[in-house]
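Student: Top to bottom, those sequences are chains A, B and C.
Residue numbering for the first sequence follows this note's numbering, beginning at 1 and increasing consecutively.
Residue numbering for the second sequence follows this note's numbering, beginning at 1001 and increasing consecutively.
Residue numbering for the third sequence follows this note's numbering, beginning at 2001 and increasing consecutively.
Even for Gly, the Cβ is constructed at its ideal location relative to N, Cα and C.
Below you'll find the structure I mean.
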Amino acid sequence: GYGRTGVQYYENVDGDDRTNESQIVSRLRMNIDASTSTDQGVDFGARFRLQWDQGHGSRGEDAATNAGKLYVTSNGLTVEVGNVDTAFDSNGLIYETELGVYDRSVGFSDRAGSFFTYKSDAYSDVDRVGVRVLYEIDNLIVQGSYVDPDQSGWNEATSTVIDGVKYFHDVEEEYGLSIDYIWNERLELSAAYVMNGAGVKDNDIFFVGARYAVMDNARIGLNYVDASNDGVTGNELDREYVEQGNTIAIYGDYTLADGLTNIEAYVANNDAEWNETDNAFGIGVNYDLGGARLGASLQRDYDERVTADMGVRFDF
Amino acid sequence: GYGRTGVQYYENVDGDDRTNESQIVSRLRMNIDASTSTDQGVDFGARFRLQWDQGHGSRGEDAATNAGKLYVTSNGLTVEVGNVDTAFDSNGLIYETELGVYDRSVGFSDRAGSFFTYKSDAYSDVDRVGVRVLYEIDNLIVQGSYVDPDQSGWNEATSTVIDGVKYFHDVEEEYGLSIDYIWNERLELSAAYVMNGAGVKDNDIFFVGARYAVMDNARIGLNYVDASNDGVTGNELDREYVEQGNTIAIYGDYTLADGLTNIEAYVANNDAEWNETDNAFGIGVNYDLGGARLGASLQRDYDERVTADMGVRFDF
Amino acid sequence: GYGRTGVQYYENVDGDDRTNESQIVSRLRMNIDASTSTDQGVDFGARFRLQWDQGHGSRGEDAATNAGKLYVTSNGLTVEVGNVDTAFDSNGLIYETELGVYDRSVGFSDRAGSFFTYKSDAYSDVDRVGVRVLYEIDNLIVQGSYVDPDQSGWNEATSTVIDGVKYFHDVEEEYGLSIDYIWNERLELSAAYVMNGAGVKDNDIFFVGARYAVMDNARIGLNYVDASNDGVTGNELDREYVEQGNTIAIYGDYTLADGLTNIEAYVANNDAEWNETDNAFGIGVNYDLGGARLGASLQRDYDERVTADMGVRFDF
């Protein structure tokens, strides 16, 4: 796991004079792992996580426990059951625009749409179940995942009528797929697709990304995500999910000659209609302490609000 | 602790067409132990448990924590305080009819009545307290336990009147006793008794069992449990606890020549009036992977419902 | 962490014939620590705690998790962020009047007033944040801490009117300071001050203490705490906090020639108006088992109620 702490600044929305714009933000994550190997060389393992996040609604008061993940691994093939890491969320490039010690990217990650992920706190439904299959060989990673928000089948026949509109629960089964390939240790290619993301019917999201190491200490990348189906309006469904639009980002990072200081940046464009601006950008820096890192970032989001952070993170 | 996952099938009760009969069922249990030894060779220790059970009401959303157990051990004598393993629940043969990777026995274990056990999730009353004394010598294990559901004494004077009937809380102190003896490494003899099981007045349960190794790789056993007092109706108490009846089971297991495959089965008879049938039976198989095991079972319960399961379990 | 269990007796208040005066009281505390060191020799670390307390309102049903603490240490200087140990609560002498295996002092510790401490269970507000700076050099320890009960700023503008009186939330920022000095390995001097203790405006508490080793195996000490501002009534605030008064205590301990048995005692005087008596006292004994300890105490509080305890504690 890891710990991180520091200060985040987020410009208030117009008219909000109550919330402090600068706050101390910390996280403490401890993974509790257990594993065993059979005589045939098959590895079985499991994970719980304890996580606390300063100010978080469900992980802020104390360390949240979560649902368990079980896995079996043999010859590069891993099968996970339970609270699994989903394929889409585990893609190799999708979060690579993120900056600073908090790994935030208001221009790209925040517009990648809604989909299931490994859950660090409690399920909302005890009948949620996930399965993930992961295959790693040389420089190729292929993975697929499946999450059923309610395997009992009870909620599927349930709908709620509000103001004459029939709302169904998020009970669709989510299917995800992700591929990562590294060519010649220079070029990273990634793609991912998720169907019925987060259990919402027709919420399909597509991601593709590429990154090239132009020098040994410099990389440049291009990411594209289509989360424009995120808010679906259909015959039976009329959700209030906000449509996230299509986003394209150019990003890169450069390591200074000291080998410790890494400078990173991105520029992103999103076409959602409700944006104040269609462009977001950010710049960040990380300094490697050898076991810990200092980091800072400065970003502007699609509401034209500025955010900045500075802090330290250590892994254990 | 251990992890296990697989699929369980349970035939629906008549008229239920909503619940999926086959579901993925997983458990992840991690015991968190700590101990120390004094200069005199006395061992002190303690345990918490983190447990998640797919679909479980109070352990399904995330890993439940539980109340602590403290113990002291010296020369075969162990005293536990707190959330103790109770004597009745720790008997050596009472759960030996259980089959497959999930260790289920719808014919016997499910009719053993209500009594306190080591609790893997939260107490319902902060004032519950338990004590257990365990003595092990050679091939004899004797143990006694005591659980007070409310040592504060507050609930004892409290009753609730529903429809003119006076209901008392479960506030009786439970006393349990268990003896296990192994003769000549061949014959296992066990008996257990619990008074005021689960804190319910006059809910007394009696168990006796024997198992004999007819061959080095084959055992046959006979278990009997009288949980017929489980639902008590008296002057002051008129509980809705269901009377569980008397149950007798013949069971055995046989290990194939490979030394890894174990086949097990039971036939049980229960005399509760509300049974559809008085006979239940099951057959199971386990395959030892050396560090993990594959298992499956097929059973029919007293409602004439069929259940089956298949999965894998690994201990760590 | 540690475990402890035993029996506590507390004389009931007049008219209470429902509560059992003697109860089994156990605690199980497990600290979950993680740390790492950078190449420059700076140590980063973090802590979660699992704690269960028999009968406790929020830690009695199961092991409570808590908010995380993160720290960095280098050359005697430690900075903590999050759920920090506060300066006032970490003073070296403030709890030294405590007796027996439960480390209780109804005469002094219970009148030390209200202030923030390291929290073993959940925050009541996800926006609480703390910082502590600790400096240790030779025989001097200086520390300061700061706790903001709500860094978001939302509650500061919020008040509740009950029966025409305007109540504000506990939103003041608490500042604490503590100094410990040991002179010649004989004389311990300590002082501590906290402003706006527990987030309550004008709740300022002052502590000063000294202890001298009159022999190698005997110490005598004098503690004074002024918690008389604890219940503040002002123009805008009319809290029901009970004023705790000023307390002075003489205490000491003596180790017998066996080197294992330690006898300890205190006499304390408190001037709060609502006391039955202004004098409290207690005597205790601890026996070192080498890795565990047996202890007992007998005390009388300011209500003239007698309390006694006996038990065992083991650290791991």
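1. Nearest to Val-1147 of chain B by CA position, among B:Val-1200, B:Trp-1154, B:Tyr-1102 and B:Gly-1113, is which residue?
2. If distances are taken between C-alpha atoms only, which option among A:Ser-228, A:Leu-256 and A:Asp-253 comes closest to Glu-243 of chain A?
3. Below 8 Å, can you find three or more Cβ-Cβ pairs linking the stretch 1091-1108 of chain B to the stretch 2016-2025 of chain C?
4. Can you give the Cα-Cα distance for Asp-2110 of chain C and Asn-1066 of chain B, rounded to whole angstroms?
5. Between the Cα of Thr-2117 of chain C and the Cα atoms of C:Asp-2309, C:Lys-2069 and C:Met-2310, which residue gives the shortest distance?
6. Would you kindly report the start and end of the unbroken beta strand (DSSP E) that includes Gly-1092 of chain B?
7. On the criterion of 16 or more Cβ atoms from any shown chain inside 10 Å, does Arg-2018 of chain C qualify as buried, or is it exposed?
8. Got a sec: is the Cβ-Cβ distance from Ala-2063 of chain C to anything in chain B below 8 Å?
9. Which chain A residues sit within Cβ distance under 7 Å of Thr-1019 of chain B?
10. What is the DSSP secondary structure of Asn-1235 of chain B, counted as helix, strand or coil?
11. Is it buried or exposed for Glu-174 of chain A, if we count other Cβ within 10 angstroms and need 16 for buried?
12. Check whether chain C comes within 8 Å of Asp-309 of chain A, counting only Cβ atoms and requiring the distance to be less than that.
13. So, under 8 Å CB-CB, Ala-63 of chain A and Phe-2048 of chain C are touching, yes? Tell me the CB distance rounded to an integer number of Å.
14. Mind the definition here: the stretch 1124-1131 of chain B touches the stretch 1291-1298 of chain B only if three or more C-beta pairs lie below 8 Å; say whether that holds.
15. Going by DSSP, what residue range makes up the beta strand (DSSP E) through Arg-1128 of chain B?
16. Am I right that Glu-2080 of chain C and Tyr-2071 of chain C are in contact with their C-beta atoms under 8 Å? What's the rounded C-beta distance?
17. At least one CB of chain C closer than 8 Å to the CB of Val-1084 of chain B: is that the case?
18. Output needed for Asp-1204 of chain B: all residues of its chain with C-beta closer than 6 Å, excluding positions within five of it in sequence on either side, in chain order.
19. Give a yes or no on whether 8 Å exceeds the smallest Cβ distance from Asp-1238 of chain B to chain C.
20. Using a cut-off of 8 Å between C-beta atoms, extract the partners of Asp-2016 of chain C located in chain A.
21. With a threshold of 8 Å between beta carbons, is Gln-2040 of chain C in contact with chain A?
22. Can you pull the chain C residues whose beta carbon is under 9 Å from the beta carbon of Phe-316 of chain A, in chain order?
23. At what residues does the beta strand (DSSP E) containing Phe-1281 of chain B begin and finish?
24. What's the gap between the Cα of Ala-213 of chain A and the Cα of Arg-219 of chain A?
25. Can you find the residues in the same chain that come closer than 6 Å, C-beta to C-beta, to Asp-1180 of chain B, ignoring five residues on each side of it along the sequence?
26. Helix, strand or coil, according to DSSP, for Asn-223 of chain A in the structure here?
27. Output needed for Asn-1083 of chain B: all residues of its chain with C-beta closer than 7 Å, excluding positions within five of it in sequence on either side, in chain order.
28. Report yes if the C-beta distance between Tyr-266 of chain A and Thr-97 of chain A is below 8 Å; otherwise report no.
29. Scan the stretch 2033-2092 of chain C and note each continuous beta strand (DSSP E) run of 3 residues or more that stays entirely inside, going in chain order.
30. Please report the distance separating the alpha-carbon of Leu-237 of chain A from that of Thr-78 of chain A.
31. Using a beta-carbon distance cut-off of less than 7 Å, what residues from the stretch 2068-2081 of chain C approach chain A?
32. Please decide whether Thr-5 of chain A counts as near chain C, where near means a Cβ-Cβ distance under 8 Å.
33. Alpha carbon to alpha carbon, how far is Leu-2177 of chain C from Asp-2085 of chain C?
34. Is it buried or exposed, Asp-271 of chain A, if we count other Cβ atoms within 10 angstroms and call 16 or more buried?
35. Shorter than 8 Å from the beta carbon of Gln-1054 of chain B to some beta carbon of chain A?
36. At a Cβ threshold of 8 Å, is Ile-2283 of chain C touching chain B?
Tutor: A quick look at the data gives this:
1. On the second sequence, residue 1147 of chain B is found 147 positions in, with the first residue counted as 1. Here the closest residue by C-alpha is B:Val-1200.
2. Within the first sequence, the letter at position 243 stands for residue 243 of chain A. Per the Cα distances, A:Ser-228.
3. no
4. For this step, residue 2110 of chain C is matched to residue 110 along the third sequence. For this step, residue 1066 of chain B is matched to residue 66 along the second sequence. Distance between the alpha carbons of Asp-2110 of chain C and Asn-1066 of chain B is about 29 Å.
5. As a first step, residue 2117 of chain C must be located in the third sequence, where it is residue number 117. Checked all of C:Asp-2309, C:Lys-2069 and C:Met-2310; the closest Cα to Thr-2117 of chain C is C:Lys-2069.
6. Walking along the second sequence from the start, residue 1092 of chain B turns up at place 92. That residue, Gly-1092 of chain B, is in no beta strand (DSSP E); it is neither H nor E in DSSP.
7. Here residue 2018 of chain C refers to the residue found at position 18 of the third sequence. Exposed, since its Cβ has fewer than 16 Cβ neighbours within 10 Å.
8. Position 63 of the third sequence holds residue 2063 of chain C. Answer yes: the Cβ-Cβ gap between Ala-2063 of chain C and chain B drops below 8 Å somewhere.
9. Here residue 1019 of chain B corresponds to residue number 19 of the second sequence, with the count starting at 1. Near Thr-1019 of chain B (Cβ distances below 7 Å), the residues of chain A are Ser-152, Gly-153 and Trp-154.
10. The count along the second sequence starts at 1 and reaches residue 1235 of chain B at position 235. Low per-residue confidence applies at Asn-1235 of chain B: pLDDT is 39, beneath 50, and the placement is therefore not dependable enough to give any value.
11. Your numbering for residue 174 of chain A matches position 174 in the first sequence. Glu-174 of chain A should be labelled buried.
12. In the first sequence, the residue the question calls residue 309 of chain A occupies position 309. Taking Cβ atoms only, chain C never reaches closer than 8 Å to Asp-309 of chain A, which makes this a no.
13. Locating residue 63 of chain A in the first sequence gives position 63, counting from the first residue. Locating residue 2048 of chain C in the third sequence gives position 48, counting from the first residue. Indeed, because the Cβ distance is near 5 Å, the residues count as touching under 8 Å.
14. no
15. Stepping through the second sequence from its first residue, residue 1128 of chain B is reached at position 128. Arg-1128 of chain B -> no beta strand (DSSP E), and no H or E assigned at all.
16. Start at 1 with the first residue of the third sequence, and residue 2080 of chain C comes out as number 80. Start at 1 with the first residue of the third sequence, and residue 2071 of chain C comes out as number 71. Their Cβ separation, rounded to whole angstroms, is 4 Å, which keeps Glu-2080 of chain C and Tyr-2071 of chain C in contact under 8 Å.
17. Working through the second sequence from its first residue, we reach residue 1084 of chain B at position 84. It does not: the Cβ of Val-1084 of chain B has no partner Cβ on chain C nearer than 8 Å.
18. Residue mapping note: residue 1204 of chain B aligns to position 204 of the second sequence, counting from 1. Within the same chain, Asp-1204 of chain B has close Cβ partners Met-1195 and Asn-1229.
19. The residue you call residue 1238 of chain B lines up with position 238 of the second sequence. Per-residue confidence for Asp-1238 of chain B stands at a pLDDT of 47, beneath the threshold of 50, marking its modelled position as unreliable; no derived number is given.
20. Position 16 of the third sequence, counted from the start, is the residue given in the question as residue 2016 of chain C. Ordered by position in chain A, no residue passes the 8 Å Cβ test against Asp-2016 of chain C, which lies about 33 Å from the chain.
21. Here residue 2040 of chain C refers to the residue found at position 40 when the third sequence is read from its first residue. For Gln-2040 of chain C, the answer is yes, since a Cβ of chain A falls inside 8 Å of its Cβ.
22. What you label residue 316 of chain A is simply residue 316 of the first sequence in a count that begins at 1. Under the 9 Å cutoff, chain C gives Ala-2034, Ser-2035, Thr-2036, Phe-2044, Gly-2045 and Ala-2046.
23. As a position in the second sequence, residue 1281 of chain B is number 281, starting the count at 1. First-last of the beta strand (DSSP E) with Phe-1281 of chain B: 1279-1288.
24. The residue labelled residue 213 of chain A in the question sits at position 213 within the first sequence. The residue labelled residue 219 of chain A in the question sits at position 219 within the first sequence. So the alpha carbons of these two residues sit roughly 4 Å apart.
25. The residue given as residue 1180 of chain B occupies position 180 in the second sequence. So the qualifying residues of the chain are Gly-1092, Ile-1141 and Ser-1190.
26. Against the first sequence, residue 223 of chain A aligns to sequence position 223. Reduced to three states, the DSSP call for Asn-223 of chain A is strand.
27. Counting from 1 along the second sequence, the entry for residue 1083 of chain B is found at position 83. Once the five neighbours on either side are set aside, the close Cβ partners of Asn-1083 of chain B are Asn-1066, Ala-1067, Gly-1068, Lys-1069, Tyr-1118, Lys-1119 and Gly-1130.
28. Residue numbering aside, residue 266 of chain A sits at position 266 when the first sequence is read from its first letter. Residue numbering aside, residue 97 of chain A sits at position 97 when the first sequence is read from its first letter. In this structure, Thr-97 of chain A lies closer than 8 Å to Tyr-266 of chain A by Cβ.
29. 2043-2053, 2069-2074 and 2077-2082
30. To locate residue 237 of chain A, count along the first sequence from 1; it is residue 237. To locate residue 78 of chain A, count along the first sequence from 1; it is residue 78. Confidence at Leu-237 of chain A is low in this model, with a pLDDT of 46, below 50, so the placement of that residue should be treated as unreliable; the coordinate-derived value is given next. Cα to Cα, the separation comes out at about 36 Å.
31. Gly-2068, Leu-2070 and Val-2081
32. Position 5 of the first sequence, counted from the first residue, corresponds to residue 5 of chain A. Yes, because at least one Cβ of chain C sits closer than 8 Å to the Cβ of Thr-5 of chain A.
33. Position 177 of the third sequence, counted from the start, is the residue given in the question as residue 2177 of chain C. Position 85 of the third sequence, counted from the start, is the residue given in the question as residue 2085 of chain C. If you take the alpha carbons of Leu-2177 of chain C and Asp-2085 of chain C, they lie about 12 Å apart.
34. By 1-based counting over the first sequence, the position of residue 271 of chain A is 271. Burial call: exposed.
35. Indexing the second sequence from 1 puts residue 1054 of chain B at position 54. So, interface residue.
36. Numbered from its first residue, the third sequence carries residue 2283 of chain C at position 283. Output row for Ile-2283 of chain C: interface = no.
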